[in-house]
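Counted the way the numbering used here counts, the sequence shown spans residues 3 to 141. Don't be surprised by glycine CBs; every beta carbon is placed ideally from N, CA and C. Small disclaimer: the values here were computed from a predicted structure and weren't measured. One structure below.
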Amino acid sequence: PGPSGPGASTAGGSSLVVFKHSEHKDAAFRLVEFLSRPEIQQQFYEISGNLPPRRSSWRGERLESDPYLVAFREQLERALPAPKIPEWERIVQELRVVTERAVHEKWTAAEAARELDSRIDRILEKRRWMLARDGGEGA
3 PGPSGPGAST AGGSSLVVFK HSEHKDAAFR LVEFLSRPEI QQQFYEISGN LPPRRSSWRG
63 ERLESDPYLV AFREQLERAL PAPKIPEWER IVQELRVVTE RAVHEKWTAA EAARELDSRI
123 DRILEKRRWM LARDGGEGA
């Protein structure tokens, strides 16, 4: 949440892809189509607990009626793609570490935010240097 309303979530999880140089592109594409079907995504949720990314997959009794899942469904409506930078996974890992320490070591939100800011600054330091050096062309 933020001062102007509910915050945004980042889309996450695994992606289904067909590799450019796959020897079995047609079969791979059919598998992606199959796994993307709402009824299959609902079954996958029942087996794994992983929430479906497709809006149409949420039209099932279990997913629509569970009050805890409604919050995740609403969050899906405000999901944004993750930043397209190579450092993103490292940043997410630092977020996990700092969050864990904040919870277990009783850091305040302000202390955790300062720590995370410092860690992300270190991660992005090289990118900023490359951008400054190459006039924005090097990163």
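- Taking 4 residues as the shortest admissible run, the region 27-59 contains the following complete alpha helix (DSSP H) segments, listed from N- to C-terminal end: 27-37 and 40-50.
- Of the residues assessed, Val99 falls on the exposed side of the cut-off, its CB having fewer than 16 other CB atoms within 10 angstroms.
- In this structure, Phe31 lies away from Val19, with their beta-carbon atoms at least 8 Å apart.
- Out of Ile87, Pro88 and Leu118, the CA that lies nearest to the CA of Glu102 is found in Leu118.
- Between the region 54-61 and the region 38-45 there are three or more C-beta pairs closer than 8 Å, enough to call the two in contact.
- For Phe21, there is no enclosing alpha helix (DSSP H), since its DSSP letter is neither H nor E.
- Distance check between Tyr70 and each of His26, Lys86 and Gly51 places Gly51 closest, using alpha-carbon atoms only.
- The three-state reading of DSSP puts Ser6 in coil, since its state is none of H, G, I, E or B.
- By the C-beta density criterion, Pro54 is buried, having at least 16 other C-beta atoms within 10 angstroms.
- Burial check for Leu82: the Cβ neighbour count within 10 Å stays below 16, so the residue is exposed.
- Listed as beta-bridge partners of Thr110 by DSSP are no residues whatsoever.
- With contact defined as three or more Cβ pairs closer than 8 Å, the region 73-81 and the region 115-132 are not in contact.
- Looking at the backbone, the Cα of Ala29 and that of Gln44 are separated by about 22 Å.
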